[in-house]
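**Q** Under the working numbering, the first residue of the sequence shown is numbered 1456, with each subsequent residue one higher.
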Amino acid sequence: MNEKIEPTASTEPPAAETRTPIGAWIVRSVRWWALLGGVLTLGLALMTATSAVSNLLTGRPFPADYELVKHVIAVAIFMFLPYCQITGSNVSVDIFTERMKPRAKAAMAALSSILAIAFSVMMLVQMYGGLQSYIKYREVTPVLKLPLWTAFPPILLSLVLLTLASFVTLAAQLRSLRAAQNGAHA
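#1: Which stretch, first to last residue, makes up the alpha helix (DSSP H) that contains Trp1604?
#2: May I ask you to verify whether the stretch 1589-1600 touches the stretch 1613-1627, counting CB pairs closer than 8 Å and requiring at least 3?
#3: For Val1595, list the residues DSSP reports as bridge partners.
#4: Looking at Leu1612: is its Cβ nearer than 9 Å to the Cβ of Trp1488?
#5: Pairs of beta-carbons, one from the stretch 1487-1503 and one from the stretch 1517-1532, closer than 8 Å: are there three or more?
#6: Taking DSSP as the reference, what is the three-state secondary structure of Phe1517?
#7: Roughly how many whole angstroms lie between the Cα atoms of Thr1596 and Ala1479?
#8: What's the call for Val1482, buried or exposed, on a 16-neighbour Cβ count within 10 Å?
#9: Taking 8 Å as the threshold, find out whether the stretch 1629-1637 comes into contact with the stretch 1562-1570 through three or more Cβ pairs.
#10: With a CB to CB cut of under 8 Å and the five nearest residues on each side skipped, what residues in its chain are close to Thr1505?
#11: Just the C-alpha distance for Glu1594 and Phe1574, rounded to the nearest angstrom, thanks.
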């Protein structure tokens, strides 16, 4: 039973290669932002479990736990989007690209980053409009009276980070495309 345990590779997807200090800062910021989203999600899980146990033991769950879950999980989901972009962990359909040449794959990857930039900017504009509307009309949750606009600032920051992450991945993919083109000409 003397098995030698070999070190394993990291299970974290590789981040887009950056060549500038600002690119490295974006990658670090995206990672920390996603970790914070994970902490929020863990907090929600603990609160929900504690509320369920409280309900079983005393017949009284935490008031408004459902409100908090809806509010905070929306924020957390947006917090993970930049990380998915920077690590290339978004859902993709490889069946279409598996037989493509490296140059075509690189072009498709660059196109996906361009689409991610367009999506994130469009969402940023729309969410900013939503923030303005919720501030103007002051809608709140029923039990806690938590203003709904409070979810928007972290969501907007997430979308800014998603836009920046998309530019970082686009730069890395354009370098890959150039390398694939140079390899095809050699």
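Beta carbons are placed, not taken as given, at the ideal position from N, Cα and C, and that holds for glycine.
**A** Looking at the atomic coordinates:
#1: Looking at the DSSP string, Trp1604 is not in any alpha helix (DSSP H), and its letter there is neither H nor E.
#2: With the cut-off at 8 Å, the stretch 1589-1600 and the stretch 1613-1627 do not touch.
#3: The partner list for Val1595 (beta bridge, DSSP) reads Pro1602.
#4: If you check the CB distance, Leu1612 and Trp1488 come in under 9 Å.
#5: By the criterion of at least three beta-carbon pairs nearer than 8 Å, the stretch 1487-1503 is in contact with the stretch 1517-1532.
#6: Annotated three-state conformation of Phe1517 is coil, per DSSP.
#7: One C-alpha to the other measures close to 39 Å.
#8: Its Cβ being crowded by 16 or more others within 10 Å, Val1482 is buried.
#9: Yes, the stretch 1629-1637 is in contact with the stretch 1562-1570.
#10: Leaving aside the five residues that flank Thr1505 on each side, the residues in its chain whose CB is nearer than 8 Å to its CB run, in chain order, Phe1517.
#11: Cα to Cα, Glu1594 sits roughly 27 Å from Phe1574.
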